[in-house]
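Structure record follows, encoded as structure tokens.
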Amino acid sequence: MAPSPTGFLHIGGVRTFLFNWLFARGRGGECLLRIENTDTSREVAESVEQIERSLRWLGIDWDGATTFQLDRIERCQQEAERLVEEGAAYEDEGAIRFRMPNDGVTGWDDAVKGRIEFPSEQLEDVVLVRGDGRPTYNFASPVEDWLDGITHVIRGDDHVSNTPKQILILQALGAELPVYAHVPNVFGPDGRKLSKRHGAVSVDEFRAAGYVAPALMNFLALLGWAPDGETTIMSGGELVERFTLEHVGASPATFDYAKLDWMNGVYLRELALDEYAESLLAYLRELGSDWDAQRVRAAAPLVQEKIARLGEFPDFAGFLFHDVEPDPSLLDGTILAAAAEAIAGVESFTADGIEAALRELCDRLGLKPRQAFQPIRVAVTGSKISPGLYESLQLLGRDESLERLRRASGLTGASGSSAR
RNA sequence: GGCCCAUUCGUCUAGUGGCCUAGGACACCGCCCUCUCACGGCGGCGGCACGGGUUCGAAUCCCGUAUGGGCCUCCA
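In the numbering used here, the protein residues as written are 3 to 422.
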């Protein structure tokens, strides 16, 4: 991976690394994390930490310590000099260039795209080592592949045209060739490279929006790969077990945020209630929330089936933690006053008891539940959309519920009723 | 401009010459369930880019066209 100056780990790069990981883990191989750095600044060190943290959060690991391209600068220089001595490269204004063949073709059997060949005449004599002694990417990368004993290079297909150069360099070096698999990149809905303006693009952003790691991994794996066309929900273990390069598609995939939301909802609903509650709590804490833990846990069952992202919780259930400002035009003084009376008279203040009281209220007023409940819902939750009303009232408690009902009732004016 | 790659419902895909009057999922629409929303259930809409071949037979093979993408840096 290339370190990004902002420290953000782009989701497209994550997906490519995920394919490497799935492939390696599924065949008992090793998976290395190499940073293709061009400098050794502090920013690089920080962005590497960021990359590692994001990867670990997602559930992706790697073997051994993270390595850096620049660590092999001396070895690269030695190899370049050797190539000059052997006539495979030559000096050019302080730099060292590789001598490309004049005729024939250079090709390989790509594990994703099939046979690819480039006419050698298309290949420029690439710079191996710059005038200042630093190796270029196209030299350092194959040298590292060779030194690390890489058997499979799985990378974005923007590297396709670099591959013949690297193959030729590897051959000149006397190295064995790895298998190359070029996976198509991920696009945004407009067919352009996925970027900020399409929505979240970094792992941190998805995390902050309330997506859970297994869902994100599942979704990413299905972007350009499918085991059979039927199965969609798969755990990391199943992914590892079923992943094959043969089933990676050769054409680019579009990132579908709606499908990610659906999938995240599936994962969220599958969690056991206590797991869900703890995830929700941990998520809110990460956001800097100080909402009462016990109440968050108590609210968990009211929202688990209703929200697809943890990030929806504050808007959806925030009324349980702070006061609300209902829209007066959606209120009805008569109904609210009656509701307050009914609530006040409930013997056991439970969802069931509240339901019974409110249903009785509907009968008395000659209203259907959906008609009578809307003003109540708005008065108590501040919104027309909310968790179940009875459960919400119970959690809020009798006193607070009455307080909100009465205050909202006052908002409707002295005349009392003005339902629209 | 040159070279390389890609092209199945709006999206992710299954499909590797007959099982395809092209299957699944998301999205969308309708109905049911229902205190709102959501979940769930049922149903619907919707696709092999186009044109030539090859073959008894093509979404699947070949050629061309179109469209999209990538690379052409002493960037990675």
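Backbone N, C-alpha and C define an ideal beta-carbon position, used for all residues, glycine too.
Kindly indicate which residue of H249, S281, S237 and L196 has the alpha-carbon position closest to the one of Y213. Sequence index remark: in the first sequence, residue 213 carries index 211 (1-based). Measuring from the Cα of Y213, the nearest candidate turns out to be S281.
K261, DSSP secondary structure in three states: Within the first sequence, numbered from 1, the residue matching residue 261 stands at position 259. Correct three-state label for K261: helix.
Let's test the definition: count the other Cβ atoms within 10 Å of the Cβ of T165 and tell me whether it reaches 16, buried, or not, exposed. Residue numbering aside, residue 165 sits at position 163 when the first sequence is read from its first letter. Under this definition T165 is a buried residue.
Let me check understanding here. Comparing Cα to Cα, which of T153, G135 and V326 lies closest to G30? If you number the first sequence from 1, residue 30 lands on position 28. Residue T153 is the option with its Cα nearest to G30.
E393 classed as buried or exposed, judged by whether at least 16 other C-beta atoms fall within 10 angstroms: Your numbering for residue 393 matches position 391 in the first sequence. With 16 or more Cβ atoms within 10 Å of its Cβ, E393 is classed as buried.
Kindly confirm or deny that the segment 251 to 268 and the segment 180 to 194 touch, where touching means at least three C-beta pairs closer than 8 Å. yes
Please state if the CB of L289 and the CB of D150 are separated by a distance shorter than 9 Å. Sequence index remark: in the first sequence, residue 150 carries index 148 (1-based). Sequence index remark: in the first sequence, residue 289 carries index 287 (1-based). No. Outside cutoff.
Would DSSP call Y182 helix, strand or coil? For the purposes of this step, residue 182 is taken as residue 180 along the first sequence, with counting starting at 1. Strand.
Continuous alpha helix (DSSP H) stretch holding E48: start and end: Within the first sequence, residue 48 is the residue found at index 46, counting from 1. Segment R44 to L60, the alpha helix (DSSP H) holding E48.
For I345, does the count of other Cβ atoms within 10 angstroms reach 16, so buried, or fall short, so exposed? The count along the first sequence starts at 1 and reaches residue 345 at position 343. Buried, since its Cβ has 16 or more Cβ neighbours within 10 Å.
9 Å Cβ cutoff met for V203 and F323: Taking the first residue of the first sequence as position 1, residue 203 is located at position 201. Taking the first residue of the first sequence as position 1, residue 323 is located at position 321. Not closer than 9 Å, so no.
CA nearest to the CA of E2, picked from V268, L397, H12 and S350: Here the chain covers residues 3 to 422 and nothing more, so residue 2 does not appear.
Can you give me the C-alpha to C-alpha distance between L286 and V155, rounded to a whole angstrom? Residue 286 sits at position 284 when you count from the first residue of the first sequence. Residue 155 sits at position 153 when you count from the first residue of the first sequence. Taking the straight line from one Cα to the other gives about 39 Å.
What three-state label does DSSP hand W148 in the structure shown? Translated into the one-based positions of the first sequence, residue 148 becomes position 146. Correct three-state label for W148: helix.
Specify the secondary structure class of F141 as computed by DSSP and reduced to three states. The count along the first sequence starts at 1 and reaches residue 141 at position 139. In this structure, F141 counts as helix in the three-state DSSP scheme.
Terminal residues of the continuous beta strand (DSSP E) containing E119? For the purposes of this step, residue 119 is taken as the residue at position 117 of the first sequence. Segment G116 to P121, the beta strand (DSSP E) holding E119.
Per DSSP, the bridge partner or partners of A90: As a working mapping, residue 90 is identified with position 88 in the first sequence. Paired residue(s): none; A90 is not in a bridge.
Own chain, CB closer than 6 Å to F221, minus 5 neighbours either side, in chain order: Taking the first residue of the first sequence as position 1, residue 221 is located at position 219. The residues are L262 and M265.
Would you list the residues sitting across from F210 in a DSSP beta bridge? On the first sequence, position 208 is the one that residue 210 refers to. For the sequence presented, residue 210 should be read as Ala rather than Phe. Answer is none; A210 lacks a bridge partner.
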